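Student:
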Amino acid sequence: MRRGRGSLLPLLLLAAAALAAAEPASTLSGPARPVTVQLGDMGHAVDLPDTDPRVQRHVTGWAPEQVAVALSAEPTSAWLSWITGEFQMGGAVKPLDPSTVGSVVRYGLAADSLLHEAAGESLVYSQLYPFEGLRNYTSGIIHHVRLRGLEPGTRYYYQCGDPGIPGAMSDVRAFRTMPAVGPKSYPGRIAVVGDLGLTYNTTSTVEHMVRNQPDLVLLLGDVCYANLYLTNGTGTDCYSCTFANSTPIHETYQPRWDYWGRFMEPVTSSIPMMVVEGNHEIEEQIHNRTFASYSSRFAFPSEESGSLSPFYYSFDVGGIHFVMLAAYVDYKKSGEQYRWLQKDLEKVDRSVTPWLIAGWHAPWYTTYKAHYREAECMRVEMEELLYSYGVDVVFTGHVHAYERSNRVFNYTLDPCGPVHISVGDGGNREKMATSHADEAGHCPEPASTPDPFMGGFCASNFTSGPAAGSFCWDRQPEYSAYRESSFGHGILEVKNETHALWRWHRNQDLHATVADEVYIVREPHKCLVSSTRLAY
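With mature numbering (1 follows the signal peptide of the UniProt record, and there is no 0) as the guide, the letters of the sequence shown map in order to residues -22 to -1, 1 to 514.
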């Protein structure tokens, strides 16, 4: 009998060791050694064609389509958006009259008891080109309605449309409000995606994301890549390579926005999605107008958070304060965005929302050749402010590859710096980034022609540290913890005031795999600097 128990001991020890090995790493252990996972060149993704049933219009008349839920600044309020009527394409287009159809939401706590009603506003936008032969676009009628007085953490049923017109109300849908603001209250899962596009890789990313049952989705720019198309619907993987010398303006094919809204509707009509602009949303048109589709199609808690801009805003989800910033509008210390950010951070009470998470499109810390140090001007202007208020995590996209940093500030390992996570490939059509800036022969030259929408180019050779005198490191930098070129999405699970579990779900070759996971642990007693209201 004793011999039997003794023989079990090694097995139990092995099982315990295996369990310990399976436990995710933690930032509490200090900087991780840099890891690169080589997955090979995935090349380009293939767009869903306009003949795919998932992107075609399935409603008639004034019935709503492309229904989407977005958050307001607090969980007692939410936005509902949808589109009625059909878009138009041609040389001469006549916009629909928004007053033709009402913007009404009926909602309640049961599908057969929609006792509350809210009204909102509607608009139409156009994408116009003052050049012969180019096709113009005008949208259907876009509706935005804000629901107020909601109970946090509650499932609401709703219909949207115009009850005064036969057949102009949607089916009954449902969504759940976020948990109440407070340090003990957190959503189960937050999905984070970037550069989503509308490809067959997008379909697997979205499928895997939905399987993880997120309560909220953050989309960090580059939504549908309509600007990889000419107005006649001809597309490419690289617009500048194919069309730049043959078109008088960077064209777009705006119906791709409608295709994306239809494809995503099963998700966006039930799971709140918060969007921030990327470079593919710039979309220049007549009179130098930009961002028309992005600004028109999505609802943002801008007014509620005091920014009055669709490009940067903030909102609370349980014990998390989210700040969404703009990489493609003025971010200088003298500008409106910076002043707004300063005021917003000053108001954050870390005893109520212990977690402070920021998101924007172009990453400050990327070690891939593509877009290397492209957002350096933004980092120079804003990093110190975010650091001084103890931002915990920064989410970005843009690079078309995945990378997670150690805690970093000003290119130096810093136990109080945020963890930067770039999720820049949800399935976009452009070529995936695979080469690293530290590989021999792959160090990009500083940009000779700065991107005007990035505010210039500020990167120069490093003046200190292992890369002193060079534009790139000669190896994976110590601030880069993990990187791989893969399609996928991330899931953030905030467990309590100090611990959050982050997982990167790779869907290489269409298979779902957890490729990277780590516990992000806050140490506010060491790190909070500017806030006068500290806790935990």
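Where is the CB? At the ideal position from N, CA and C, for every residue including glycine.
Just so you know, these numbers come straight off a predicted model, no measurement behind them.
Go ahead and pull the three-state DSSP assignment for Glu352.
Tutor: Translated into positions along the sequence shown, residue 352 becomes position 374. Residue state, collapsed to three classes: coil.
Student: Below 8 Å between beta carbons: does that hold for Ser413 and His398?
Tutor: The count along the sequence shown starts at 1 and reaches residue 413 at position 435. The count along the sequence shown starts at 1 and reaches residue 398 at position 420. Taking 8 Å as the Cβ cut-off, Ser413 and His398 do not qualify as a contacting pair.
Student: Which residues bound the beta strand (DSSP E) around His376?
Tutor: Walking along the sequence shown from the start, residue 376 turns up at place 398. No beta strand (DSSP E) contains His376, which DSSP labels as neither H nor E.
Student: Could you have a look at Asp494 and say whether DSSP puts it in helix, strand or coil?
Tutor: Here the question's residue 494 lines up with position 516 in the sequence shown. Strand.
Student: Please go through the same chain and pick out, in chain order, the residues whose beta-carbon is closer than 7 Å to the beta-carbon of Ala277, but skip the five residues on each side of it.
Tutor: Taking the first residue of the sequence shown as position 1, residue 277 is located at position 299. These residues qualify, in order along the chain: Ala48, Trp57, Ser59, His122.
Student: Alpha carbon to alpha carbon, what distance is there between Val71 and Pro130?
Tutor: As a first step, residue 130 must be located in the sequence shown, where it is residue number 152. As a first step, residue 71 must be located in the sequence shown, where it is residue number 93. Cα to Cα, Pro130 sits roughly 43 Å from Val71.
Student: By DSSP, does His94 sit in helix, in strand, or in coil?
Tutor: Here residue 94 refers to the residue found at position 116 when the sequence shown is read from its first residue. In the structure shown, His94 sits in a strand (DSSP, three-state: E or B).
Student: Suppose contacts are defined by Cβ-Cβ distances below 8 Å. Is Pro165 in contact with Val295 by that definition?
Tutor: Here residue 165 is taken as the residue at index 187 of the sequence shown, counted from 1. Here residue 295 is taken as the residue at index 317 of the sequence shown, counted from 1. Cβ atoms of Pro165 and Val295: closer than 8 Å.
Student: Are Tyr115 and Ile227 close, meaning C-beta to C-beta below 8 Å?
Tutor: The residue you call residue 115 lines up with position 137 of the sequence shown. The residue you call residue 227 lines up with position 249 of the sequence shown. Not a contact, by the Cβ cut-off of 8 Å.
Student: Excluding the 5 residues preceding and the 5 following Met356 in the sequence, name in chain order all residues of the same chain whose CB lies nearer than 6 Å to its CB.
Tutor: The count along the sequence shown starts at 1 and reaches residue 356 at position 378. Taken in chain order, the residues that qualify are Ala305, Tyr309.
Student: Give a yes or no on contact between the stretch 195 to 202 and the stretch 332 to 344, applying the rule of three or more CB pairs nearer than 8 Å.
Tutor: yes
Student: Can you tell me where the beta strand (DSSP E) holding Asp294 begins and where it ends?
Tutor: Position 316 of the sequence shown, counting from 1, holds the residue named residue 294. It spans 291 to 295 - the beta strand (DSSP E) in which Asp294 sits, taken as one unbroken run.
Student: Quick one: what does DSSP say Trp57 is sitting in, helix, strand or coil?
Tutor: The residue labelled residue 57 in the question sits at position 79 within the sequence shown. In this structure, Trp57 counts as strand in the three-state DSSP scheme.
Student: Just to check my reading of the structure: Val386 and Tyr457 have Cβ atoms closer than 8 Å, yes? What is that Cβ distance to the nearest angstrom?
Tutor: Translated into positions along the sequence shown, residue 386 becomes position 408. Translated into positions along the sequence shown, residue 457 becomes position 479. Rounded, the Cβ-Cβ distance is 4 Å, consistent with contact.
Student: In its own chain, which residues sit with a C-beta less than 6 Å from the C-beta of Gly468, not counting the 5 before and 5 after it?
Tutor: What you label residue 468 is simply residue 490 of the sequence shown in a count that begins at 1. Same-chain partners within the cutoff: Val170, Val401, Trp482.
Student: Specify the secondary structure class of residue 574 as computed by DSSP and reduced to three states.
Tutor: Any answer about residue 574 is impossible in this case: the structure gives the chain only from -22 up to 514.
Student: Which same chain residues end up closer than 6 Å to Pro76 when comparing Cβ atoms and leaving out the 5 residues on each side of it in sequence?
Tutor: Mapped onto the sequence shown, residue 76 falls at position 98. Counting only Cβ-Cβ distances below 6 Å, and skipping sequence neighbours, we find Ser100, Leu101, Val102, Ile119.
Student: Only counting runs of 3 or more residues, tell me where the beta strand (DSSP E) segments fall wholly within the stretch 132 to 165, in order along the chain.
Tutor: 133 to 139, 151 to 154
Student: Give the DSSP-derived three-state secondary structure of Asn384 in the structure shown.
Tutor: For the purposes of this step, residue 384 is identified with residue 406 of the sequence shown, where counting begins at 1. It is a strand residue.
Student: What span of residues does the alpha helix (DSSP H) with Thr331 cover, start to end?
Tutor: In the sequence shown, residue 331 corresponds to position 353, counting from 1. Counted as a single uninterrupted DSSP element, the stretch harbouring Thr331 is not any alpha helix (DSSP H), since DSSP gives it neither H nor E.
Student: Where does Tyr207 sit, in a helix, a strand or coil, going by DSSP?
Tutor: Walking along the sequence shown from the start, residue 207 turns up at place 229. In the structure shown, Tyr207 sits in a strand (DSSP, three-state: E or B).
Student: Can you confirm whether the stretch 460 to 467 touches the stretch 493 to 501 when touching is taken to mean that 3 or more C-beta pairs between the two stretches lie within less than 8 Å?
Tutor: yes
Student: So Ser247 is in the beta strand (DSSP E); what residue range does that whole segment cover?
Tutor: The residue you call residue 247 lines up with position 269 of the sequence shown. Segment: none, Ser247 is in no beta strand (DSSP E) and carries neither H nor E.
Student: What's the gap between the Cα of Arg500 and the Cα of Thr344?
Tutor: For the purposes of this step, residue 500 is identified with residue 522 of the sequence shown, where counting begins at 1. For the purposes of this step, residue 344 is identified with residue 366 of the sequence shown, where counting begins at 1. Taking the straight line joining both Cα atoms gives about 23 Å.
Student: Applying the criterion that 16 or more other CB atoms from any shown protein chain within 10 Å of the CB defines a buried residue, is His503 buried or exposed?
Tutor: Here residue 503 corresponds to residue number 525 of the sequence shown, with the count starting at 1. It is exposed - the Cβ of His503 has fewer than 16 other Cβ atoms within 10 Å.
Student: Tell me where the beta strand (DSSP E) around Val184 begins and ends.
Tutor: On the sequence shown, residue 184 is found 206 positions in, with the first residue counted as 1. No beta strand (DSSP E) contains Val184, which is instead part of the alpha helix (DSSP H) from 178 to 189.
Student: Among Leu196, Ala97, Leu363, Leu128, whose alpha-carbon lies nearest the alpha-carbon of Arg167?
Tutor: Counted from its first residue, the sequence shown places residue 167 at position 189. Considering only alpha carbons, the answer is Leu196.
Student: Using the Cα positions of Gly256 and Thr441, report the straight-line distance between them to the nearest angstrom.
Tutor: Numbered from its first residue, the sequence shown carries residue 256 at position 278. Numbered from its first residue, the sequence shown carries residue 441 at position 463. Distance between the alpha carbons of Gly256 and Thr441 is about 30 Å.
Student: Under the assumption that residue 520 contacts Ala445 (Cβ atoms under 8 Å), give the Cβ distance between them as a whole number of angstroms.
Tutor: No answer is possible for residue 520: it lies beyond the span of the chain, which begins at -22 and ends at 514.
Student: Closer than 8 Å by C-beta to residue 537: which residues in its own chain qualify, once you throw out the five before and the five after it? Chain order, please.
Tutor: Within the shown structure, residues of the chain are numbered from -22 to 514, placing residue 537 beyond reach of any answer.
Student: Enumerate, from N- to C-terminal direction, the unbroken alpha helix (DSSP H) stretches of 4 or more residues contained entirely within the stretch 221 to 285.
Tutor: 233 to 246, 270 to 275
Student: Can Tyr290 and Asp28 be called in contact, C-beta distance under 8 Å?
Tutor: Sequence index remark: in the sequence shown, residue 290 carries index 312 (1-based). Sequence index remark: in the sequence shown, residue 28 carries index 50 (1-based). No, they are not a contact pair.
Student: Nearest CA to the CA of Ser448: which residue from Asp25, Cys421, Pro430?
Tutor: Here residue 448 corresponds to residue number 470 of the sequence shown, with the count starting at 1. Residue nearest to Ser448 within the set Asp25, Cys421, Pro430 is Cys421 (criterion: CA-CA distance).
Student: State the DSSP-derived secondary structure class of residue 524, mapped to helix, strand or coil.
Tutor: The first residue shown for the chain is -22 and the last is 514, placing residue 524 beyond what the model contains.
Student: Note down, in chain order, each residue of its chain lying with its Cβ closer than 7 Å to the Cβ of Glu52, except the 5 sequence neighbours on either side.
Tutor: Start at 1 with the first residue of the sequence shown, and residue 52 comes out as number 74. Excluding residues within five positions, the ones whose Cβ falls inside 7 Å are Val159, Asp294.
Student: Please state if the CB of Arg154 and the CB of Arg133 are separated by a distance shorter than 8 Å.
Tutor: Residue numbering aside, residue 133 sits at position 155 when the sequence shown is read from its first letter. Residue numbering aside, residue 154 sits at position 176 when the sequence shown is read from its first letter. A contact, by the Cβ cut-off of 8 Å.
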